[in-house]
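Q: Take this structure, written in C-alpha cells, and hold onto it; I'll ask about it next.
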Amino acid sequence: MATPRSFTSRTRDAIMHTVAPLRMRWNALNRDRRVQLLSAASFIAAALVVAFVLLPALASRKASTARLPQLEAQLAAMRSQAKEIIALTGAPTVSAAPRTAADVASLRAIFGPAAQVTAMPDGFRILMPSIAYASWWDKTGEAMSRHGLLLREATLAKVDTATGSTTVTVDMRLGTETRVAASPVNATPVQGK
0 MATPRSFTSR TRDAIMHTVA PLRMRWNALN RDRRVQLLSA ASFIAAALVV AFVLLPALAS
60 RKASTARLPQ LEAQLAAMRS QAKEIIALTG APTVSAAPRT AADVASLRAI FGPAAQVTAM
120 PDGFRILMPS IAYASWWDKT GEAMSRHGLL LREATLAKVD TATGSTTVTV DMRLGTETRV
180 AASPVNATPV QGK
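Quick note: the sequence shown uses numbering that gives the first Met the number 0, first residue 0, plus one each step.
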C-alpha cells in the first residue's frame, strides 16, 4: 500500500512538472540571450516599481506638503478654541436674566387684568381664573413669541358657564430653559360641548 503524499509535496511536484519545460528552454538559450532577457525583466520590474510605488508616494508627499499650511492654521485655531474653552470653564456661571416689573406688566397686558403673573427665577407663573380656551391658547402663543418663553407646565380645568362656550381655569409656567424639565407638560383635557 502506497503512503499518501502530503499536500506540499504534491504541489511541489506539480510546479516542477510545469516549470521543467521552461527550465529546459532556458538552458537551451545561449548566454547572450539569457542576459538580454534578464535585463529586460529587470527593466520591466523597475518600471513597475516606479509607476506603482515611487510616483504615488511622491504625489502624496507633494499633496501633503501643499496642505501643511492649512493644517497648521487649523491646529492654531483648535488650540485657541481649547484655550477659550479652558477660560470659559473657569469663569463664573451666568444666571438667568432677571425678571423685571416691565416683563410682568407686559405679560399682564397680554393675558388681561384678571391674570395673576408672578416672576420666578426660571420664568413666570400665570394663573387665570376664567378664560376662553381658544383665547388662552392664542395669548400663550403671543407671550411665548414676544418673550422667547417655552410652555413648561399647564393645568387646565373646565369652568361651567351659562353662555355654553368652553371656559377654563389655567395655572401654567412659562420658562426660558431650552431643555424640558423632568416632568412632562401636565394638561387636563378640555372637552367641548
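All residues carry an ideal CB built from backbone N, CA and C; glycine is no exception.
#1: Take the Cβ of W135 as the centre, count every other Cβ of all protein chains shown within 10 Å, and call the residue buried at 16 or more, exposed below.
#2: Which whole-angstrom value is the C-beta distance of M171 and L150, which I expect to be below 8 angstroms?
#3: Kindly give me the distance between the Cβ atoms of V169 and L155, rounded to whole angstroms, as I take these residues to be in contact under 8 angstroms.
#4: Cα separation between Q115 and R107?
#5: I believe D121 touches G174 by the beta-carbon criterion, under 8 angstroms. Please report the beta-carbon distance rounded to the nearest angstrom.
#6: Using the C-alpha atoms, what's the distance from I84 back to Q69?
#7: Which residues mark the beginning and the end of the alpha helix (DSSP H) in which A27 is found?
#8: Quick check: what's the CA-CA separation for N185 versus I109?
#9: May I have a chain-ordered list of the beta strand (DSSP E) segments no shorter than 3 residues that lie completely inside the region 68-140?
#10: What would DSSP say about L148, mapped onto helix, strand or coil?
#11: In this structure, what does DSSP give as the bridge partners for A156?
#12: With 16 as the cutoff for other CB atoms within 10 Å, does T64 come out buried or exposed?
#13: By the three-class DSSP mapping on this structure, what secondary structure does L173 have?
#14: Return the first residue and the last residue of the alpha helix (DSSP H) that L47 is part of.
A: So, to answer that:
#1: Around the beta carbon of W135, 16 or more other beta carbons sit within 10 angstroms, so the residue counts as buried.
#2: Contact between M171 and L150 holds, since their C-beta atoms are separated by about 7 angstroms, short of 8 angstroms.
#3: Yes, V169 and L155 are in contact; Cβ-Cβ is about 6 angstroms, under 8 angstroms.
#4: 7 angstroms
#5: 5 angstroms
#6: 22 angstroms
#7: 6-27
#8: In this prediction, N185 scores a pLDDT of 41, lower than 50, which makes its location untrustworthy; the coordinate-derived value is nonetheless stated afterwards. For N185 and I109, the distance between alpha carbons rounds to 23 angstroms.
#9: 115-119, 122-131
#10: In the structure shown, L148 sits in coil (DSSP, three-state: anything other than H, G, I, E or B).
#11: DSSP output for A156 lists T168 as bridge partner(s).
#12: exposed
#13: Strand at L173.
#14: Counting along the chain, the alpha helix (DSSP H) containing L47 begins and ends at 30-48.
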